[in-house]
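In the working numbering, the protein residues as written are 322 to 437. Cβ coordinates follow ideal geometry from the N, Cα and C atoms, glycine included. Being a predicted model, the structure only gives us computed values, none of them experimental. Accompanying notes for the structure given below.
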C-alpha cells in the first residue's frame with residue numbers, strides 16, 4: 322500500500338533540493354526526518370515537512386504501521402517562477418527569475434516475507 326504527499330509552490334530552486342533527495346530514498350521516514358534536521362539548509366526543512374506529511378497520511382488516513390514504512394520515491398518538479406527586475410547601468414533592467422518547486426513524496430509499506 323502506498324501513500325502520497327505533495328507540497329507545491331515552495332520558494333526555493335529545485336536545484337537546491339535535488340542533491341538531498343538521492344540520500345533519502347529507501348530509508349524509513351523517521352530516520353530520514355532525523356537526518357534532515359541535522360542538515361542546516363532551507364531545502365532540508367522543506368523535505369522534512371513533505372516526508373512528515375506523507376508519514377502522517379499513512380498513519381491517520383490509511384492506518385498503516387509506522388514501523389513498516391519506507392520512502393519509495395521523492396520527486397522534485399519545477400514550478401512557475403516570479404519575474405523580478407534588477408536595475409543595471411545605463412537605465413536598463415535585467416530580469417531575475419525567482420524559481421519555485423513542487424515536491425512529491427511516496428511512502429510504501431514494507432511487506433514481510435511469506436513463510437512456507
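Identity of the residue in 391, 352 and 368 nearest residue 341 by Cα = 368
Residues bridged to residue 405 [DSSP beta-bridge criterion] = 417
task = Would you kindly work out how many angstroms separate the C-alpha atoms of residue 409 and residue 415, rounded to a whole number?
result = 7 angstroms
query = In the segment 327 to 406, which residue ranges form an unbroken alpha helix (DSSP H) of at least 4 residues, counting only runs that do not cross its ends?
reply = 335 to 345, 350 to 358 and 363 to 381
message = Does the structure place the segment 349 to 359 close enough to the segment 380 to 394 that three or more beta carbon pairs sit under 8 angstroms?
response = yes
query = Taking C-beta to C-beta, are residue 423 and residue 329 nearer than 8 angstroms?
reply = Yes, the Cβ-Cβ distance between residue 423 and residue 329 is below 8 angstroms.
message = If I measure Cβ to Cβ from residue 426 and keep anything under 6 angstroms in the same chain, skipping five residues before and after, which residues do I get?
response = 326, 371, 372, 375 and 395
key: Span of the beta strand (DSSP E), counted from its first residue to its last, around residue 292   = For the chain, the structure presents residues 322 to 437; residue 292 sits outside this window and is missing.
ask   = For residue 346, does the count of other Cβ atoms within 10 angstroms reach 16, so buried, or fall short, so exposed?
value = exposed
task = Could you say which of 388, 417 and 412 lies nearest to residue 402 if we only look at CA atoms?
result = 417
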